[in-house]
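Participant:
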Amino acid sequence: MTAHNLSFALPPMAQIGEQYLVILAAVALLFPCSILSYIVVTPYWRLSRVLTGDWHIDIVKLHEKYGNLVRISPNEVALNTPSAVQTIYGHTGQPWVKGEWYQAWWQPAMNHPFFAETNPAIHRDLRRRVSKAYSMSYILQMEHFIDPLVDDIRSKLTALSGQSVDMSQWTQYFAFDAVGELAFGKAFGFIENQCDFNGLLESVYVYMTSTASFGFMPSKLILENGNLFGGLIPFEKIVREKLTLSGEPDRSDLLRHFQSAKNADGTPMSPQDVFGESMNVVGAGADTTAISVRAILRYVCSNPRVLQKLQAEINNASATGALSDLPNFAEGNALPYFQAVIKEALRVFPAVGYQLPRVVPSGGTEIEGKFLPANATVSVNGWALHRNKSIFGEDADEFRPERWLEGYTKLMESCYASFGFGSRTCIGKNMALMEINKVEPPSLLL
Ligand SMILES: *[C@@H]1O[C@H](CO)[C@@H](O)[C@H](O)[C@H]1NC(C)=O
Ligand SMILES: *[C@@H]1O[C@H](CO)[C@@H](O)[C@H](O)[C@H]1NC(C)=O
Ligand SMILES: *[C@@H]1O[C@H](CO)[C@@H](O)[C@H](O)[C@H]1NC(C)=O
């Protein structure tokens, strides 16, 4: 790893003003193969690391090497301590506003994604419009819609037994179909077709990775939207089609809820906003769940001790009638070891590998003995925080579900970043946990 340039001296490009970067970006667009385009695309060390896809590993090593406060780009400092979490994400006091990176998520097609809204009051109102749809009680009203998917995936995988199957794909099929059921009243059909038959998975992947990377570009010119590589085209088209289908009457789904949702002033949400929220749930709610389902399978299957203990718990629950053939959320939730396994897998493998950037408020602040001026960006990375031994213990690098049963502390809980923090906690958390609790036990018994 080339972390030697991470001193507190500014890298050369940072001394060039933003205007010059805009000009350079324009040149790069006109002459895409020129050396200039390379310079513009990778002016910062961090962006180049993000583009390799290994940032979540880099950041852990950086904290190991440089300590709890590391400068990762000209204007951004990464931290991995409990007090940083408290100060930045507002367990107490006013939470800090989101950093510039989130601007890349302002897509014309998405209208007003509250995920990217930096103003806390506007964010609160936008989130409030739809929060009921994501509440556990509403999600649980819909949980039986997931049963046929679990049943189908189990029989398809059983039919493939003896062959090697790519679970990264199957977990995607499941998570996207589940969003189809919950958001639009009908699965997309990935499990049925056993492939990315309409290109949605590829499209969301391209859109998410390009937008997330462009958020780190020093100029917002090229970043106007993540559509640069066409990532949004099938994604938008497929969601639009879903909106035009008239679902079964009397069936609950998120779309129905969005359509009757009200703005803060009592007016109905516009069709454009309904579309934006529908894009959000597909973009943010499927891939992240697939990653989590997969992380659990991966850690359990590669730890025979844990696998055996978990299977014993699941088998006993099935034998005593405490776990249905197609489990429901409440049954899964009542199995303590299973819950510890979920929590631990998402600790060692949080779905989001990026920093969660925030802006230092006016007046500046002192964190971990360093003064950070107003407008500097500060961020905590879940991967790095979760591997801090002073929080999770000397074996923080290990997958050991028992830590949540025997060694549980409030400190661990307050530093659990898998669904974000405070008022910006992932709105889809209940949906993800419901799906995980239903699909995981049958998958582990295959
Ligand atoms: C972990 O957090 C503690 C504070 O609880 C801090 O002192 C330490 O430097 C952090 N560890 C690393 C590797 O940064
Ligand atoms: C087996 O399941 C029953 C209830 O379904 C429960 O009371 C008991 O504690 C379980 N035993 C083990 C070893 O998990
Ligand atoms: C921080 O940014 C705001 C808005 O861009 C600006 O008005 C203010 O002067 C900046 N403060 C510092 C200390 O740079």
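Here the sequence shown stands for residues 31 to 476, where the numbers follow our numbering. Every residue gets a Cβ at the ideal spot worked out from N, C-alpha and C, and that includes glycine.
1. According to DSSP, K128 sits in a beta bridge with which residue or residues?
2. By alpha-carbon positions, which one of G245, D88, S191 and L337 ends up nearest to K128?
3. Who are S103's beta bridge partners in DSSP?
4. Of all the alpha helix (DSSP H) runs that stay within the bounds of the region 326-361, which reach a length of 4 or more residues?
5. Who pairs with L402 in a beta bridge, going by DSSP?
6. Provide the residue(s) that pair with T407 in DSSP beta bridges, ordered along the chain.
7. Quick one: is the Cβ of A352 within less than 6 Å of any heavy atom of ligand 2?
8. Could you tell me the alpha carbon to alpha carbon distance between G47 and S103, rounded to whole angstroms?
9. Could you check if L253 is buried or exposed, using at least 16 other CB atoms within 10 Å of its CB as the buried criterion?
10. What is the C-beta distance between L187 and L284, in whole angstroms, given that I count them as a contact (C-beta under 8 Å)?
11. On the criterion of 16 or more Cβ atoms from any shown chain inside 10 Å, does R76 qualify as buried, or is it exposed?
12. Contact between the region 398-410 and the region 419-435 is defined here as three or more beta-carbon pairs at a separation below 8 Å; is this criterion met?
13. CB-CB under 8 Å to R154, same chain, minus the five flanking residues each way: which ones, in chain order?
14. Can you give the Cα-Cα distance for E374 and H416, rounded to whole angstroms?
15. Nearest to A414 by CA position, among F145, D355, G97 and F227, is which residue?
16. First and last residue of the alpha helix (DSSP H) that includes N228?
17. What would DSSP say about P143, mapped onto helix, strand or coil?
18. Taking the C-alpha atoms as reference points, what is the distance between V180 and Q289?
19. If you drop the 5 nearest sequence neighbours on each side, which residues of the same chain put their C-beta closer than 6 Å to that of A381?
20. Can you confirm whether the region 209-227 touches the region 105-124 when touching is taken to mean that 3 or more C-beta pairs between the two stretches lie within less than 8 Å?
21. Taking F175 and L156 to be in contact with their CB atoms under 8 Å, please state how far apart those CB atoms are, rounded to whole angstroms.
22. For A404, is the beta carbon positioned less than 6 Å from some heavy atom of ligand 3?
Facilitator: In brief:
1. R388
2. G245
3. E106
4. 334-349
5. T395
6. E106 and V389
7. yes
8. At G47, the pLDDT of 41 sits below 50, so the modelled position is not reliable; the number obtained from the coordinates is stated separately. Distance between the alpha carbons of G47 and S103 is about 15 Å.
9. In this predicted model, L253 has a pLDDT of only 49, less than 50, meaning its place in the structure is not dependable enough to derive any value.
10. The pair is not a contact, with the Cβ atoms about 27 Å apart (cut-off 8 Å).
11. buried
12. no
13. S453
14. 10 Å
15. G97
16. Careful: N228 lies outside any alpha helix (DSSP H) and carries neither H nor E.
17. coil
18. 28 Å
19. T318, I321 and S322
20. no
21. Between L156 and F175 the Cβ distance is about 26 Å, and since that is not below 8 Å, they are no contact.
22. yes
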